[in-house]
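S.K.: Each residue of the sequence shown is one higher than the last, beginning at 5 in the numbering used here. Just so you know, even glycine gets a beta-carbon here, dropped at the ideal spot from N, CA and C.
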Amino acid sequence: MTKSKARITAIGSYVPEQILTNQDLEKMVETSDEWIIQRTGIKERRIAGEKEYSSILAFRAIENLIQRYKKSLDDVDCIIVATATPDHIFPSVACQIQNYFHIPFTGAFDLNATCAGFTYALHMANSLITAETHKKILVVATETFSKVTDYTDRTTCILFGDGAGAMLIEYDRENPSFLDQHMGTDGQGGVHVYRTNFSDSFGTTPLNCSGKIVQNGREVYKWAVRTVPQGITRLLDKTGYAKEDINWFVPHSANLRMIEAICEKSGISINRTLTSITQYGNTSAASIPLALDLGIKEGKVQTEDTLMLYGFGGGLTHLGMMIQWKI
Numbered sequence: 005m006t007k008s009k010a011r012i013t014a015i016g017s018y019v020p021e022q023i024l025t026n027q028d029l030e031k032m033v034e035t036s037d038e039w040i041i042q043r044t045g046i047k048e049r050r051i052a053g054e055k056e057y058s059s060i061l062a063f064r065a066i067e068n069l070i071q072r073y074k075k076s077l078d079d080v081d082c083i084i085v086a087t088a089t090p091d092h093i094f095p096s097v098a099c100q101i102q103n104y105f106h107i108p109f110t111g112a113f114d115l116n117a118t119c120a121g122f123t124y125a126l127h128m129a130n131s132l133i134t135a136e137t138h139k140k141i142l143v144v145a146t147e148t149f150s151k152v153t154d155y156t157d158r159t160t161c162i163l164f165g166d167g168a169g170a171m172l173i174e175y176d177r178e179n180p181s182f183l184d185q186h187m188g189t190d191g192q193g194g195v196h197v198y199r200t201n202f203s204d205s206f207g208t209t210p211l212n213c214s215g216k217i218v219q220n221g222r223e224v225y226k227w228a229v230r231t232v233p234q235g236i237t238r239l240l241d242k243t244g245y246a247k248e249d250i251n252w253f254v255p256h257s258a259n260l261r262m263i264e265a266i267c268e269k270s271g272i273s274i275n276r277t278l279t280s281i282t283q284y285g286n287t288s289a290a291s292i293p294l295a296l297d298l299g300i301k302e303g304k305v306q307t308e309d310t311l312m313l314y315g316f317g318g319g320l321t322h323l324g325m326m327i328q329w330k331i
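Structure below.
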């Protein structure tokens, strides 16, 4: 990897006020608190209001970042938003952020790598700054998966919640945050977790066209538990780090049992793993920044800690990256 010239300088997060507990779900579908915790580790999740969209959650996360780190957005020259649940197909959430914060001279676009979206957005921001085409990039992950969840499907409605995270990435060739990354795709597995738009098929496979999330949990689990540990090994080989050098592992919070299996197979202690799954459920692209910010607020993450972030999900796609926390 070309030596990075980019540093993470601020983080913010936001989750909606409304809480959906396992006990609430017991009244909606045939399930139980014990069954949900045993299989997923989730106790509750946050749900956006009827008029609370991904853009609104993004605004609140960015405001949290500004308030905590006293940052100005006036010189932001690119906005990258990772989301699979934008308010509109277009205009993008990124354009709505530009308008809301009156950022004068900036590019703005959304990207969709579903649950790997945040690490993809960070990778792109690092690349643009390292190439010296940009100096200050606002990266946001924001999701309102509750709006595309089928609350009659007991296998998926127990999983998903809403939230947003934001990071500011700035030019700093002397003290960069980014060490290296490993990415990959298995497009053949896209049929295992999807939400339809125009097409009613995936190749020759007919799809459920409800417009809601459809997931074959067993197949996604097998893919993640096989693929992520392999990616971790390759990423460690690229950086020359050992797994013992990782202070905190921050995977996508898909399912606590899946994370436990990934940790066991890769040899990373679950005690050095940050998640947001128990409190917030699976928030797709937002799960990694939410988990990281929880770790910061709890005093776990310290300056100069080495972190491995690993996003994985629909596509099927994945991207892991090693960073040093410089804030």
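1. At a cut-off of 6 angstroms, is S214 close to the ligand ATP when judged by its beta-carbon and the heavy atoms of the ligand?
2. So, are the CB atoms of A295 and T321 less than 7 angstroms apart?
3. Which term fits P210, buried or exposed, when burial requires 16 or more other beta carbons within 10 angstroms of its beta carbon?
4. DSSP three-state call for E147: helix, strand or coil?
5. Check C267 in the structure and name its three-state DSSP category.
6. In chain order, what residues of the same chain have a beta carbon less than 6 angstroms from the beta carbon of N346, not counting five sequence neighbours either side?
7. What's the call for Y18, buried or exposed, on a 16-neighbour Cβ count within 10 Å?
8. Measure from the alpha carbon of I281 to the alpha carbon of each residue in G221, I272, I292, N275, then state which is nearest.
9. Using alpha carbons as the reference points, say which of L69, D157, Q71, T134 lies closest to F182.
10. Which word fits M32, buried or exposed, when buried means at least 16 other C-beta atoms lie within 10 angstroms of its C-beta?
11. Can you tell me whether C82 is helix, strand or coil according to DSSP?
12. CB-CB under 6 angstroms to T243, same chain, minus the five flanking residues each way: which ones, in chain order?
13. Among the candidates H196, Y104, R11, S270, whose CA atom is the shortest distance from the CA of Y175?
14. Is the Cβ-Cβ distance between T146 and S257 less than 7 angstroms?
15. Check whether the Cβ atoms of Y104 and F63 lie closer than 7 angstroms to each other.
16. Quick check on DSSP: helix, strand or coil for L183?
17. Would you check if the distance between the CB atom of A129 and the CB atom of I84 is smaller than 7 angstroms?
18. Helix, strand or coil: which one does DSSP assign to I246?
19. Got a sec? Which residues, its chain only, sit under 8 angstroms from P20 by beta carbon, not counting five neighbours each side?
20. Who are the near neighbours of T307 in its chain, counting only those whose CB is closer than 7 angstroms to its CB and skipping five residues on each side?
21. Once you ignore the five residues that flank D79 on each side, which residues in its own chain have a CB closer than 7 angstroms to its CB?
22. Would you say K75 reaches chain C, if we count a Cβ-Cβ gap shorter than 7 angstroms as a contact?
23. In the DSSP assignment, the beta strand (DSSP E) including S17 goes from what residue to what residue?
24. Cα separation between I23 and L29?
25. Would you tell me roughly how many angstroms separate the C-alpha atoms of Y155 and E34, rounded to the nearest one?
M.R.: Working from what's here:
1. This structure does not include the ligand ATP; it has no bound ligands of any sort.
2. Not a contact, by the Cβ cut-off of 7 angstroms.
3. So P210 ends up on the exposed side.
4. Strand.
5. C267 falls in the helix class under three-state DSSP.
6. Past the edges of the chain, shown from 5 to 331, lies residue 346, and the structure says nothing about it.
7. Buried, since its Cβ has 16 or more Cβ neighbours within 10 Å.
8. Closest option to I281, judged by alpha-carbon separation, among G221, I272, I292, N275: I292.
9. Looking at the Cα atoms, T134 is the closest of the given residues.
10. Answer is exposed; the Cβ neighbour count stays below 16.
11. When secondary structure is reduced to three states using DSSP, C82 falls in the strand class.
12. If we look at T243 and ignore the five residues flanking it on each side, its Cβ neighbours are L183, D184, M326.
13. That would be R11, whose Cα lies nearest to the Cα of Y175.
14. Going by C-beta atoms, T146 is not nearer than 7 angstroms to S257.
15. Taking 7 angstroms as the Cβ cut-off, Y104 and F63 qualify as a contacting pair.
16. L183: strand per DSSP, three-state reduction.
17. It is a contact, given that the beta carbons lie within the stated cut-off.
18. In the sequence as presented, Ile is not what sits at residue 246; that position holds Ala. Look at A246 here: in three-state DSSP terms it is coil, with no helix or strand label.
19. Around P20: R50, I51, A52, G53, E56, L61, D166, G167.
20. Same-chain partners within the cutoff: W329, K330, I331.
21. The beta carbon of D79 lies closer than 7 angstroms to those of K140 in the same chain, with the five residues before and after it left out.
22. Of the protein chains in the structure, only one exists, and it is not chain C.
23. For S17, the enclosing beta strand (DSSP E) begins and ends at 10-18.
24. So the two alpha carbons sit approximately 11 angstroms from each other.
25. Y155 and E34 have their C-alpha atoms spaced approximately 11 angstroms apart.
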